[in-house]
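Residue numbers (the numbering used here): 6 to 547.
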Amino acid sequence: MKRILLFLLVAITFNLNSQTKKIQILSSEISTVDESRFPGATILIGNVKVAHEGATLDCKRALLYREKNVFQALGEVVIEQGDSIIQYSDFANYDANTKIAKSWGNVEVNDKEMKLSTDTLYFNRTDQILFYPTKGIIKDKINTLTSNKGTYYLEDKKFTAKTKVNVVNPDNILDSDHLDYYTNTNLAYIYGPSTVFNRKDSTKIYAERGFFDTDSDISYFVKNAKLFSKDKTVEADSLYYDKKRGFASATNRIKVIDTIQNMVVKGNYAEIFELQDSLFIIKKPVAISIMEKDSLYIHGDTILVTGKPEKRIIRTYHNVKIFKENLQGKCDSIHTNQETGLTKMFVDPILWSGKSQITGDSIHFKTSQTTNQLDSLFVLRNSFIIQKDSLDPNNFNQIKGRNIFGKFEDNDLRLMLVKGNAESLYYNRNDETLKLETITKEIASDIEFLLENNEVVQTKYFTKTEGNTFPPSQFPEEDRKFRGFIWREDEQPKKMEDIFIKDKKVARKPKKKLPEVENAKAILNTEFKKKRKKKRKLNLEE
């Protein structure tokens, strides 16, 4: 008895479920059959309307296969699912068993967020998914999305579009091979090679993964990201870009290419301020000035680039090192004006040119604006040049004076003029045997040196006051090194990679300490408070 009751309960339940799955005819002007042409079908004509589990379908004419539970619609087909979507097409087939509708011919779908137009569309009502295998166009309040095929998830308001995807709005054009687009947030997530092109200023971004907010114009890309503007290209592992604010930040393996000034800046973290024409870069930053045969590398803790291309200023702060095949250097900070080609080195600066070590209170060198090659050198106050003797490491040729001015040819130092209180000390060797013959010490108001292959080949003295030439055995030992002599060869970067090596701190004469601050923003805040306080005081006095 219990088994009979259980069987009846299952049968009733199955029958109820079957009934709920059946397509119901709500209206039709004509209902007929034609077994010869449409076996098993009911032919419905005129104002046809059917319903199935929360959805209705309207059309001009239709075939209803009751046994198969399949509905075929023709002419002005409209499918409505509650208040979520409404769909229009010329034709449609609906399988009530799978709850999948296929529509074709001028298909249009509308919901609260968007309108979809395509030629063929599949609607899976169970999973609430729309799929178009042919070209589709999606329009919302901001964007128009076009793709060769795609899927729309009704519950998530998400389009997954593939193959030649194009998103257009008044400001930007986004092209991609694969992206997810949310119609309720206007966010696009990319999963393949993609570009965002700004229609107003032609700025372009390339990336292979990330997201783009088409509403706020903010993007964040994390694979092969590249930002192209009129005068520079930014490459990085990851890139955040706020177009409206003109701000970008980049992380890891950054390369900023200045296409106008022929310069590259590298590092691992950078911030770019387009409206101020500036950027700063940290974490192993290096600025590379590309020259005809060789490049000049400048590294420091922080590199700051400001100004328009024709008036660009590059500042490098703290633990600065320079490398070029025939010129190396070191100092605390550097200031380069690309308009004038002048580079200034500050705080304990030192240069190495060939075999020569050059020091002074400050060192400047200039690059030619026409050839982009080194043009001239200025060593200001307490100038000192030291050159190790080619055969005896204990002997050093030395030049000392108030200021030194040099001239480059083909990026090699060819002429030097020592101005004011000039002194020189030279170890003279036989041209053939290279035996040390004499040591010459001269003092003059000015001394001029002509160099070849970084070796002094000619010396010219102006208003010579005193000088002597000694046999090596008779030269006073205490005069072998001028006052202030320090040989710093161990600090010289011998190859480009050496500019990233941190030097050990060396005790030198004490310098005036600067007040310590956390960062540049703290300085700006301090200055702002001072100005505001001063303005307030003036108002009170008035």
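Each residue gets a CB set at the ideal place from its N, CA and C atoms; glycine is no exception. Here the structure is a predicted model, which means the values were calculated and not measured.
For Phe216, which of helix, strand or coil comes out of DSSP? strand
Please classify His304 as buried or exposed, where buried requires at least 16 other C-beta atoms within 10 Å of its C-beta. buried
Determine the contact status of Ala212 and Lys228, defining contact as a CB-CB distance below 9 Å. yes
Hey, could you find the ends of the beta strand (DSSP E) Lys231 is sitting in? 230-233
DSSP state of Ile147 mapped onto helix, strand, coil: coil
Quick check: Gln133 and Val112, are their CB atoms within less than 9 Å of each other? no
As assigned by DSSP and simplified to three states, the class of Met119: coil
Beta-carbon separation (whole angstroms), Ser367 vs Gln403, contact threshold 8 Å: Wrong, their Cβ atoms sit about 20 Å apart, outside the cutoff.
If you count every other CB in all the chains shown that lies within 10 Å of the CB of Leu150, and 16 or more means buried, which is it? buried
Nearest to Lys469 by CA position, among Ser207, Phe351, Arg485, Ser450, is which residue? Ser450
Counting only runs that start and end within the stretch 305-356, where is the beta strand (DSSP E) found for 3 or more residues in a row? 307-311, 318-329, 332-342, 347-351
Quick one: residues in its chain with C-beta nearer than 7 Å to the C-beta of Asn324, no 5 flanking neighbours on either side, listed in chain order? Gly305, Asp306, Lys507
Measure the C-alpha to C-alpha separation of Arg130 and Glu85 and round it to an integer number of angstroms. 11 Å
Chain-order list of residues whose beta-carbon lies under 7 Å from that of Ile435 (same chain, five-residue window excluded): Strictly speaking, residue 435 in this sequence is Asn, with Ile absent from that position. Closer than 7 Å at the Cβ level, and outside the excluded window around Asn435, lie Glu442.
Assign Ala56 to buried or exposed, taking buried as 16 or more other Cβ atoms, counted over all protein chains shown, within 10 Å of its Cβ. exposed
Assigned secondary structure, Ser243 (DSSP; H/G/I helix, E/B strand, else coil): strand
Can you tell which of Lys154, Asn148, Asp145, Ala101 has its C-alpha closest to the C-alpha of Thr125? Lys154
Can you tell me the Cβ-Cβ gap for Asn177 and Phe216, rounded? I've got them flagged as a contact below 8 Å. Actually they do not touch by this definition, with Cβ atoms about 14 Å apart.
Under a three-way DSSP split, which group does Lys499 fall into? coil
Name the one or two DSSP bridge partners that Thr464 has. Phe454
Is it buried or exposed for Thr345, if we count other Cβ within 10 angstroms and need 16 for buried? exposed
Could you check whether the stretch 387-400 touches the stretch 416-432, counting it as contact only if at least three pairs of C-beta atoms, one from each stretch, sit closer than 8 Å? yes
Which runs of the beta strand (DSSP E) fall wholly inside the stretch 385-462 and span at least 3 residues, in chain order? 401-414, 417-434, 441-457
Taking the alpha-carbon positions, what's the Tyr322 to Ile308 distance? 6 Å
Bridge partners - Trp109, DSSP secondary structure assignment: Phe96, Thr125
Helix, strand or coil for Lys26, going by three-state DSSP, please let me know. helix
Contact set for Asn74: own chain, Cβ-Cβ below 8 Å, skip 5 residues either direction: Lys26, Lys27, Ile28, Asp100, Ala101, Asn102
Any idea what DSSP makes of Asp132, helix, strand or coil? coil
On the premise that Met421 lies in contact with Leu385, defined as a C-beta separation below 8 Å, what is that separation, rounded to the nearest angstrom? 14 Å between Cβ atoms; not a contact.
Does the Cβ of Lys365 have 16 or more other Cβ atoms within 10 Å, making it buried, or fewer, making it exposed? The sequence as given places Gly at residue 365; Lys does not occur at that position. When all chains shown are included, Gly365 counts as buried.
Roughly how many angstroms separate the alpha carbons of Ser89 and Gly59, rounded to a whole number? 11 Å
Within the same chain, show all residues whose beta-carbon is closer than 6 Å to that of Ile277, passing over the 5 residues directly before and after it, in chain order. Ala253, Leu284
Taking the alpha-carbon of Ile295 as reference, which of Phe328, Asp185, Glu279, Thr188 has the nearest alpha-carbon? Phe328
Out of Ser108, Asp116, Tyr274, which has the shortest C-alpha to C-alpha gap to Tyr127? Ser108
Within its chain, find whatever has a CB closer than 7 Å to the CB of Thr330; leave out the 5 residues flanking it on each side and keep chain order. According to the sequence shown, residue 330 is Glu rather than Thr. Closer than 7 Å at Cβ, skipping near neighbours: Asp299.
If I'm right that Val461 touches Phe454 with Cβ under 8 Å, what's the distance once you round it to whole angstroms? 5 Å
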